[in-house]
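Engineer: As numbered in this note's numbering, residues 54 to 167 make up the sequence shown, in order.
By construction, the Cβ of each residue, glycine as well, lies at the ideal position given by its N, Cα and C atoms.
On a predicted model such as this, the values are computed, not experimentally measured, just so you know.
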Amino acid sequence: QVQLVESGGGLVQPGGSLTLSCVASGFSFGAYAIGWHRQAPGKQREWVASMSSGGYPVYVDSVKGRFTISRDVAKNTVYLRMDNLKPDDTAVYYCRAAFGTGYWGQGTQVTVSS
Numbered sequence: 054q055v056q057l058v059e060s061g062g063g064l065v066q067p068g069g070s071l072t073l074s075c076v077a078s079g080f081s082f083g084a085y086a087i088g089w090h091r092q093a094p095g096k097q098r099e100w101v102a103s104m105s106s107g108g109y110p111v112y113v114d115s116v117k118g119r120f121t122i123s124r125d126v127a128k129n130t131v132y133l134r135m136d137n138l139k140p141d142d143t144a145v146y147y148c149r150a151a152f153g154t155g156y157w158g159q160g161t162q163v164t165v166s167s
């Protein structure tokens with residue numbers, strides 16, 4: 054079955070960096086778009102970044118220039134490098150595979166605080 058397992062979250066000070074990882078299994082990883090979403094306390098889940106099956110990245114405006122999505126097809130893994138983190142980036146970050154009705158991981162918590 055399809056599984057997505059995120060890791061790499063944690064507590065970081067403003068201006069710091071984190072890299073999230075999402076290991077996928079149960080489907081042809083390189084054949085579909087895959088992305089990252091986040092949900093802050095009391096807010097709706099929002100899309101953050103995606104990479105198309107062709108490897109083209111797109112970002113929400115609020116993270117452009119600070120976040121970088123990448124993938125390693127051989128490792129079935131998508132990454133989200135987050136630099137210059139801000140308190141507003143605090144959220145649970147989810148990986149999503151975009152095929153069928155969509156598949157979600159369990160999420161990883163990112164907290165940006167001094």
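1) Where ILE122 and GLY153 are concerned, what is the direct C-alpha to C-alpha distance, given to the nearest angstrom?
2) Based on DSSP bridge pairs, tell me the residues matched to ALA151.
3) Pull up the CB-CB distance for GLY88 and ALA151, whole angstroms please, since I reckon it's below 8 Å.
4) Going by the CB atoms, is the gap between THR164 and LEU64 shorter than 8 Å?
5) Can you grab the Cα-Cα spacing for the pair VAL58 / ARG124, in whole Å?
Structural biologist: Working from what's here:
1) 22 Å
2) ALA86
3) 7 Å
4) yes
5) 14 Å
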